[in-house]
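Colleague:
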Amino acid sequence: MLRIIGLASMALLSATSARAQSADAIRAHIARANHGCDIYRPEETYRGPLPGAPGPVVVVVYTLEGCGGSNDWNRVFGVFYEQDGRVTEVPQPHPPGFMVDAATVTHGAIEVNGLAYGPRDPRCCPSQRRRERFRLVDGAMAPAG
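Under mature numbering (1 follows the signal peptide of the UniProt record, and there is no 0), read the sequence shown as residues -20 to -1, 1 to 125, first letter to last.
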């Protein structure tokens, strides 16, 4: 019985370690892809299969700030997978045009929710709720309609 508990504990620690390593690798990839930007609050919102992906994916919502020395910021999402031992990001030819609050996967599509700026909103405070759905098509994120 103790042996079973020990093996279960080792498996749990191994999975936790692998998840932490992949989170570190994804964060490093985001930093390389957005050189000159600060990255804040990366949040893993999904880990698992996604139709059209070559393997399991990780969906991350994160903030980019101060890019190129500016005072600007944006909250975005990315879809990542591992290929040949390297983190790869799924291209987004048409990313959402709003600040991303959350990204979930349901029925094989990524649903992204957030806030957009209204005509009189100050920079601090977008007020209009938005939602878009994306699917993986030919290796890139595409609107799901």
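Where is the CB? At the ideal position from N, CA and C, for every residue including glycine.
These figures come from a predicted structure and were not determined experimentally.
1) I need the straight-line Cα distance from E62 to G125, nearest angstrom please.
2) Mind checking who G28 pairs with in its DSSP beta bridge?
3) Specify the secondary structure class of D4 as computed by DSSP and reduced to three states.
4) With three or more C-beta pairs closer than 8 Å as the rule, is the region 109 to 125 touching the region 62 to 76?
5) State whether the region 54 to 61 contacts the region 96 to 110, with contact taken as three or more CB pairs (one from each stretch) at a distance under 8 Å.
6) Just list the residues that DSSP pairs residue 168 with in beta bridges.
7) Is the beta carbon of F78 sitting closer than 8 Å to the one on I6?
8) I'd like the list of long-range same chain contacts for T(-5), defined as Cβ closer than 7 Å, with 5 residues on each side in sequence excluded.
9) So what does DSSP say about G48, is it helix, strand or coil?
Modeller: Per the coordinate set shown:
1) As a position in the sequence shown, residue 62 is number 82, starting the count at 1. As a position in the sequence shown, residue 125 is number 145, starting the count at 1. Distance between the alpha carbons of E62 and G125: 27 Å.
2) Taking the sequence shown and counting its residues from 1, the one referred to as residue 28 is at position 48. DSSP, once it has assigned bridges, lists V37 as partnering G28.
3) Walking along the sequence shown from the start, residue 4 turns up at place 24. If DSSP states are grouped into helix, strand and coil, D4 belongs with the helices.
4) yes
5) no
6) With the chain covering only -20 through 125, there is no way to say anything about residue 168.
7) As a first step, residue 78 must be located in the sequence shown, where it is residue number 98. As a first step, residue 6 must be located in the sequence shown, where it is residue number 26. It is not a contact, given that the beta carbons lie outside the stated cut-off.
8) Translated into the one-based positions of the sequence shown, residue -5 becomes position 16. Below a pLDDT of 50, predicted positions are generally treated as unreliable, and T(-5), at 42, falls in that range; the measurement from the model is reported next regardless. Excluding residues within five positions, none has a Cβ falling inside 7 Å.
9) By 1-based counting over the sequence shown, the position of residue 48 is 68. In this structure, G48 counts as helix in the three-state DSSP scheme.
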